[in-house]
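Working notes, structure below.
Number of protein chains: 2
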Amino acid sequence: MEQKAVQDYYPEEYSHCYGCGRLNERGLKIKSFWDGEESVATFTPKSYHTAVPGFVYGGLIASIIDCHGVGTAAAAAYGAEGRDMGTDPPLRYVTASLHVDFLAPTPLGVPLEARGRVKEIKGRKVVVSITLAAGGKVCARGEVVAVQIPEEMKKT
Amino acid sequence: MEQKAVQDYYPEEYSHCYGCGRLNERGLKIKSFWDGEESVATFTPKSYHTAVPGFVYGGLIASIIDCHGVGTAAAAAYGAEGRDMGTDPPLRYVTASLHVDFLAPTPLGVPLEARGRVKEIKGRKVVVSITLAAGGKVCARGEVVAVQIPEEMKKT
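Chains as they are written, first to last, in our numbering: chain A, 4 to 159; chain B, 4 to 159.
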């Protein structure tokens, strides 16, 4: 059976994200899956996602790391509570801080693989470390501090 | 006379960036200007640049901070060398690291104003601090470490 992405368990009101929402028709639809101890998201940039010709735009890399980090946080939080993904009440995270180190130019035209590891879960906060590789070479490293969605961002 | 944006001085081969390239037809066309001691970029997100309904996607905020930081770095480097923007050899920067703290949910539907200040110029590196405000309220704060474009990213 094909595994369902973390983001595809988000309830409808949390599924409009430009980066990873299944209901955002203009969005990137980044999808995160579990793979053993890590989460993984694979994304192939479009030809126009360029920084300079031949290389991937850093803001797109930041977006992949952002959404993959938040998705990893949500999945980890369900796991920590011993709950199945998608059960109520929904656990949806947003980004409190994002850090990306660009280690090497990222070539355009190949799938990028982001791999996440949970570094810390504490209260409403989850810290996720992420590497982003192209053709097996790590080109960027990131850290996402994710927090449970604040009341003011919930749909009223 | 209308001021020309920093990014509009980039030579053609460096003007395809998805975030700020004037020649990227699918891109965001983020534009940075000088305003006294600071640089400023104003960008109004599209309705689909959403995180959850009513709020701006964090990856877009990271993209604005990224391109505005790199543009600010280039302009500052020309200034430090006592050169006019756009003179040869071109000074083009790329992002070595990007940090964004999301301080408050950023409302969708209003122009966002990013303001940058040069924190450090040293050798090939420029560090830029940036705030991003919506309706006068600072919603995010960022730091970009920009470095001169490496040889391997130059068009051959």
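No residue lacks a Cβ here, since even glycine has one placed at the ideal position from N, Cα and C.
Residue i versus residue j: straight-line alpha-carbon distance, rounded
{"i": "A:VAL130", "j": "A:ALA78", "result": "12 Å"}
{"i": "B:ALA143", "j": "B:ARG118", "result": "11 Å"}
{"i": "B:SER100", "j": "B:VAL150", "result": "9 Å"}
{"i": "A:TYR12", "j": "A:ARG25", "result": "10 Å"}
{"i": "A:VAL121", "j": "A:PRO108", "result": "26 Å"}
{"i": "B:ARG127", "j": "B:ALA83", "result": "12 Å"}
{"i": "A:THR134", "j": "A:CYS23", "result": "18 Å"}
{"i": "A:TYR21", "j": "B:TYR17", "result": "26 Å"}
{"i": "A:ALA44", "j": "A:ILE33", "result": "7 Å"}
{"i": "B:LEU63", "j": "A:GLY85", "result": "33 Å"}
{"i": "A:THR53", "j": "A:TYR60", "result": "5 Å"}
{"i": "A:ALA137", "j": "A:SER50", "result": "15 Å"}
{"i": "A:PRO14", "j": "B:ILE68", "result": "30 Å"}
{"i": "B:TYR35", "j": "A:VAL141", "result": "In the sequence on display, residue 35 of chain B carries Ser and not Tyr. B:SER35 and A:VAL141: Cα-Cα distance of roughly 31 Å."}
{"i": "A:VAL113", "j": "A:THR47", "result": "6 Å"}
{"i": "A:GLN6", "j": "A:PRO153", "result": "29 Å"}
{"i": "A:ASP91", "j": "A:ALA80", "result": "13 Å"}
{"i": "B:VAL148", "j": "A:VAL148", "result": "20 Å"}
As assigned by DSSP and simplified to three states, the class of residue i
{"i": "A:GLY82", "result": "helix"}
{"i": "A:CYS70", "result": "helix"}
{"i": "B:ALA76", "result": "helix"}
{"i": "B:VAL9", "result": "helix"}
{"i": "A:TYR60", "result": "coil"}
{"i": "B:ALA136", "result": "strand"}
{"i": "B:GLU146", "result": "strand"}
{"i": "A:ALA65", "result": "helix"}
{"i": "A:GLU41", "result": "strand"}
Cβ-Cβ separation, residue j to residue i (assumed contact under 8 Å), whole Å
{"i": "A:SER66", "j": "B:ALA65", "result": "7 Å"}
{"i": "B:PHE58", "j": "A:MET156", "result": "6 Å"}
{"i": "B:VAL9", "j": "B:GLY74", "result": "4 Å"}
{"i": "A:HIS102", "j": "A:GLY145", "result": "6 Å"}
{"i": "A:HIS19", "j": "B:PRO56", "result": "6 Å"}
is_contact[residue i, chain E] using C-beta, thresh 7 Å
{"i": "B:CYS142", "result": "Among the protein chains in the structure shown, which are A and B, there is no chain E."}
Query raised in the report: the region 97-122 of chain B: which residues have C-beta closer than 8 Å to a C-beta of chain A, in chain order?
Result: VAL97, THR98, ALA99, SER100, LEU101, HIS102, VAL103, ASP104, PHE105 and PRO108
Report task. Scan the region 85-126 of chain B and note each continuous beta strand (DSSP E) run of 3 residues or more that stays entirely inside, going in chain order. Result -> 96-105 and 115-125
Query raised in the report: If contact means a Cβ-Cβ distance below 7 Å, which residues of the region 51-68 of chain A contact chain B?
Result: TYR51, HIS52, THR53, ALA54, VAL55, PRO56, PHE58, TYR60, GLY61, GLY62, LEU63, ALA65 and SER66
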